[in-house]
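K.L.:
Residue numbers (the working numbering), protein chains in the order written: chain A, 218 to 330; chain B, 5 to 119.
#1: Does the separation of the CB atoms of residue 118 (chain B) and residue 77 (chain B) fall below 9 Å?
#2: Between B:9, B:14, B:66 and B:10, which lies nearest to residue 131 (chain B) when the distance is taken from Cα to Cα?
#3: Under 7 Å, CB to CB, which of the residues in the stretch 238 to 260 of chain A have a partner in chain B?
#4: Could you give the residue range of the beta strand (DSSP E) that holds residue 218 (chain A)?
#5: Quick one: grab the DSSP three-state call for residue 45 (chain B).
#6: Would the stretch 10 to 28 of chain B and the stretch 50 to 67 of chain B be scored as touching if the rule is three or more Cβ pairs under 8 Å?
#7: Counting only Cβ pairs nearer than 9 Å, list the residues of chain D close to residue 322 (chain A).
#8: For residue 287 (chain A) and residue 52 (chain B), I'd like the C-alpha separation in whole angstroms.
#9: Tell me whether residue 248 (chain A) is buried or exposed, calling it buried when 16 or more other Cβ atoms sit within 10 Å of its Cβ.
#10: Is the shortest distance between the beta-carbon of residue 274 (chain A) and the beta-carbons of chain B less than 9 Å?
#11: Under 9 Å between C-beta atoms, does residue 262 (chain A) make it to chain B?
#12: Would DSSP call residue 325 (chain A) helix, strand or coil?
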């Protein structure tokens with residue numbers, strides 16, 4: 218079945234530590250790939266997206282993601298986490314031929330001092 | 005306005021009541037989407053408008069759900085005879101283009117609780 222999977226429901230990191238959030242997809246053709254962040258009481262905000270080309274994508278707030286076709290993955294990374302990064306992170310895809318987003322179940326990030 | 009505005013922010017309905025949720029997209033935005041986000045889940049697609057035309061309603065869970073955008077701007081999502089399983093946050097998003105390359109701008113959502 219077609220799906221987007223975020224294996225980690227909740228991750229806790231110390232402020233200043235590095236972060237990697239995992240995302241795997243299962244589609245016949247490589248979909249368009251996105252990462253969104255949802256802070257409490259806020260709307261979803263786009264962090265970055267991948268359509269084609271360079272497989273390392275830079276986004277806002279110091280985030281980056283790497284597309285790996287062989288692993289059907291699009292993991293989100295940040296070298297040094299800030300307390301303000303605490304939020305829910307969603308990986309999303311737009312399958313080939315579709316025109317709407319399909320979201321994973323999200324990873325909740327807690328940042329400890 | 006500066007962003008996508010949704011109202012009300014919170015709605016409590018008794019089971020069986022009808023509710024109407026409003027979305028004011030960014031002015032001039034052609035595309036408008038509705039998503040449903042259950043507790044602890046990612047948003048799930050409900051329906052998509054391009055101007056006033058509802059091009060995709062494949063995500064509406066039942067015929068109790070109805071959406072409209074009569075003048076290609078404000079949209080209303082109506083749920084008839086609400087059930088407890090309808091409890092969720094309903095998100096609206098708009099974009100200036102018609103394809104996936106246009107960034108989506110999300111509102112803060114309406115949290116619906118059915119008691």
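Don't be surprised by glycine CBs; every beta carbon is placed ideally from N, CA and C.
P.N.:
Taking the definition as stated:
#1: no
#2: Since the first and last residues shown for chain B are 5 and 119, residue 131 (chain B) lies out of range.
#3: 249, 258, 259 and 260
#4: It is not in any beta strand (DSSP E) - residue 218 (chain A) carries neither H nor E in the DSSP assignment.
#5: coil
#6: no
#7: Annotation note: the requested chain D is absent from the structure, which comprises protein chains A and B.
#8: 32 Å
#9: buried
#10: no
#11: yes
#12: strand
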